[in-house]
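What follows is a single structure, written as C-alpha cells, with notes after it.
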Amino acid sequence: MPELPEVETTMRGIAPYVCGQKIKQIIVRERRLRWPVVKEIADIKGRMIESVSRRGKYILMRLDRGTLIWHLGMSGSMRILPSGTPPEKHEHIELQLGSGLALKFKDPRRFGALLYTDTDPLQHRLLSKLGPEPLSHDFNAEYLYTACKNKSAAIKSVIMDSRIVTGVGNIYACEALFGAGIRPTRKAGRISKKRLNFLVDSIRDTLRDAIEKGGTTLQDFTQVDGKPGYFGQSLQVYGVRGPCGVCGTTISKQVQGQRSSYFCPKCQT
DNA sequence: AAAACTACCTGAGTGC
DNA sequence: TGCACTCAGGTAGTTT
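Counting the first sequence from 1 gives a position; this note's numbering is that position plus 17.
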C-alpha cells in the first residue's frame, strides 16, 4: 500500500513520539518479514532514538549508535499506543519507549522490513542505488529527459523505477500521468522535454497534495493515530470505473507489467 | 544492457 | 454459507 506520501505521513506521525526517547524494550513476535529480522536487533535495547527521516520509501531511525531501517512493504503500518496495549493480529514488532508509549509495526503480508546498520544508512545496499527524491531539486525536467532518452520502456515503468526516481508507486504514477496528459504506455524516449517538464511538476503536485491529505487509504493504511488518509477522495483515475472528471470519457484500465494502469484515453496521449 | 517476469505473503472481494 | 478464484499499493533477483 504505502507509497511516498504514506511513508512520509507515517514518518511525520511517529517522529514527535519517538525522537529523544529511549528504547526500553524491543519485542519481535514474527521475524519472517521480507528479510528475517536478525536476532542481534535485541541489542538496540537501551539506546536512544535521536532522529527520524525518510529516504524513498524507507524510514530511517537514527539511534545514539547505529540506525534502524524500516520499510512498510505493501501492507505495513505503524501506530503509537500505550505500552501494554494487547497486540493486534499481524503486529510483528513493538518498540517500548521511555515515555510509556510504544511504536507498533503491523504488516499482514510481511513484505515489510526492519534492518539495522552500524554504518552510514545511505550507503546500505538497499539505499545506495536509489534515484533522487521526487520533491528535491535534483529531480527536474533535464534529469528526467536524460533518464528517458533512448528508452523504449513505457514511461510509467520508468517513473516507478526507484533507481530513476524514488517513492513513486502505482497509484501516484497513474495520477501523475493523468495530470500531465501522458499515456502510461507511451515509450519514454518519445516524449518531448516540454511534456516531461509537465510530468515532473505533476509528480510533485500529486505527491505534495497526497501528503497534505494524509496519504491514500485503499485497504488498511492508517495514519499513526489510526485515522485513514483522505487522498483517496482525490484520485482522478486510479481505481475509477466510470467517466473522466475532465472530459467524460470512460476511464480505461489496462494491465501493464503485471500491474493495473488507469488512464483517460482522451485526455492522455 | 534493457526489459520482462518471478517470487515473497495475507486478506478482501467476486462469482458460482 | 462456503469454496475457488483473482487481485492488491513494493522491489530484489532472475530470465529473456
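Backbone N, C-alpha and C fix where the C-beta goes; we use that ideal spot for every residue, glycine too. Values in this document were obtained by computation on a predicted structure and should not be read as measured data.
Over what stretch of residues does the beta strand (DSSP E) that includes Tyr247 continue unbroken? Per DSSP, Tyr247 belongs to no beta strand (DSSP E) and is neither H nor E.
Under 8 Å Cβ to Cβ from Trp52, same chain only, skipping five residues before and after it: list those, please. The residues are Ala130, Leu132.
Beta-carbon contacts of Cys165 that lie in its chain and below 8 Å, excluding the five residues immediately before and after: Counting only Cβ-Cβ distances below 8 Å, and skipping sequence neighbours, we find Ile172, Val175, Ala205, Gly206, Ile208, Leu213.
Assuming the contact rule is C-beta atoms closer than 8 Å, Thr239 and Ile188 should be a hit. Round their C-beta distance to whole Å, please. Not quite, the Cβ-Cβ distance comes to about 16 Å (not below 8 Å), so this is no contact.
Just checking my contact of Phe128 with Met95 at CB under 8 Å: how many whole Å lie between their CB atoms? Between Phe128 and Met95, the beta carbon gap of about 15 Å keeps them out of contact (Cβ cut-off 8 Å).
Would you say the beta carbon of Leu80 is closer than 6 Å to some non-hydrogen atom of the ligand SAM? Ligands displayed in this structure: none; no statement on the ligand SAM is therefore possible.
If we require 4 or more residues per run, which alpha helix (DSSP H) segments fall completely within the stretch 125 to 213? Taking only runs of at least 4 residues, the alpha helix (DSSP H) segments lying wholly in the stretch 125 to 213 are 158 to 165, 172 to 176, 187 to 197.
Quick one: what does DSSP say Thr233 is sitting in, helix, strand or coil? Strand, per DSSP.
Closest Cα partner of Gly117 within the set Ile40, Glu108, Thr223, Ile181: The candidate whose alpha carbon is nearest that of Gly117 is Ile40.
What residues match up with Ser68 in a beta bridge as DSSP calls it? Paired residues: Arg79.
With 16 other Cβ atoms within 10 Å as the buried cut-off, status of Ser68: Ser68 counts as exposed, since fewer than 16 other C-beta atoms from the protein chains shown sit within 10 angstroms of its C-beta.
Ordered along the chain, which non-local residues of its own chain (more than five positions away) have a Cβ less than 8 Å from that of Ile43? Apart from the 5 residues on each side of it in sequence, Ile43 sits with its Cβ closer than 8 Å to the Cβ of Ile58, Ala59, Ile61, Lys62, Ile110, Glu111, Leu112, Gln113 in its chain, given in chain order.
According to DSSP, is Thr286 helix, strand or coil? Annotated three-state conformation of Thr286 is coil, per DSSP.
7 Å Cβ cutoff met for Tyr247 and Lys230: In contact: Tyr247 and Lys230 (Cβ atoms closer than 7 Å).
Taking the alpha-carbon positions, what's the Phe195 to Gly265 distance? Here the alpha carbon of Phe195 sits roughly 14 Å from the alpha carbon of Gly265.
Pick out whichever of Lys123, Pro138, Thr183 has its Cα sitting closest to the Cα of Leu147. Distance check between Leu147 and each of Lys123, Pro138, Thr183 places Thr183 closest, using alpha-carbon atoms only.
To the nearest angstrom, how far is the alpha carbon of Gly93 from that of Ser100? Spanning the two alpha carbons is a distance of roughly 20 Å.
Below 8 Å on the Cβ atoms is my contact criterion, and I expect Leu80 with Ile97 to pass it. Report the Cβ-Cβ distance as a whole number of Å. Wrong, their Cβ atoms sit about 18 Å apart, outside the cutoff.
Can you tell me whether DSSP reads Val257 as helix, strand or coil? It is coil, neither helix nor strand.
Pull up the distance between the alpha-carbon of His154 and that of Arg221, whole angstroms please. Near 11 Å, if we compare the C-alpha coordinates of Arg221 and His154.
Under the rule that 16 or more other beta-carbon atoms within 10 Å means buried, what is Leu139, buried or exposed? With fewer than 16 other CB atoms across the displayed protein chains lying within 10 angstroms of its CB, Leu139 is exposed.
Could you round the C-beta distance between Asp135 and Gly83 to whole angstroms and report it? I think they count as a contact, below 8 Å. About 5 Å; that satisfies the 8 Å criterion.
Starting from Ile86, follow its DSSP beta bridges and name the residues at the other end. According to DSSP, which records beta bridges pairwise, Ile86 is partnered with Leu77, Leu132.
One question on the structure: do Gln273 and Ile199 come within less than 7 Å of each other, judged by their Cβ atoms? Their beta carbons are not under 7 Å apart, which means Gln273 does not touch Ile199 by this criterion.
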